[in-house]
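Colleague: Quick one: structure below, then a few questions.
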Amino acid sequence: DEVRVNCAAANLNIANGVARPQIFAFDTENALINVTGTASFASEQLDLTIDPESKGIRIITLRSPLYVRGTFKNPQ
Numbered sequence: 012d013e014v015r016v017n018c019a020a021a022n023l024n025i026a027n028g029v030a031r032p033q034i035f036a037f038d039t040e041n042a043l044i045n046v047t048g049t050a051s052f053a054s055e056q057l058d059l060t061i062d063p064e065s066k067g068i069r070i071i072t073l074r075s076p077l078y079v080r081g082t083f084k085n086p087q
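In our numbering, each residue's number is its place in the sequence shown (first place is 1) plus 11.
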């Protein structure tokens with residue numbers, strides 16, 4: 012299913028080939044999604060946490076964070 016993004020914002024600090032978001036967020040109809048962690052361009056490694064916060068009370072909630080680890084080519 013498609014998820015419409017109402018708004019997105021990102022402010023990344025990049026130093027020594029490593030990007031760290033100060034803010035990296037998406038607003039959808041049902042959730043506000045925050046992304047934290049690092050992306051290393053030098054080693055092409057990802058270490059990200061995607062944390063959805065449900066809006067309002069829902070039967071199905073999106074409370075569990077998703078973890079993206081591994082390389083740019085083969086994220087897990």
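Backbone N, C-alpha and C define an ideal beta-carbon position, used for all residues, glycine too.
#1: Could you spell out where the beta strand (DSSP E) holding E64 opens and where it closes?
#2: Could you pull the DSSP bridge partners for P32 from this structure?
#3: CB-CB under 8 Å to L23, same chain, minus the five flanking residues each way: which ones, in chain order?
#4: Note down, in chain order, each residue of its chain lying with its Cβ closer than 7 Å to the Cβ of A20, except the 5 sequence neighbours on either side.
#5: Just to confirm before moving on: does the CB-CB distance between V46 and I61 stay below 8 Å?
#6: Identify, in the order they occur along the chain, each residue of the same chain with its Cβ nearer than 6 Å to the Cβ of P76, setting aside the five sequence neighbours on each side.
Modeller: Let me lay it out:
#1: 56-65
#2: L23
#3: A30, R31, P32, Q33, F35
#4: I34, A36
#5: yes
#6: T60, D62
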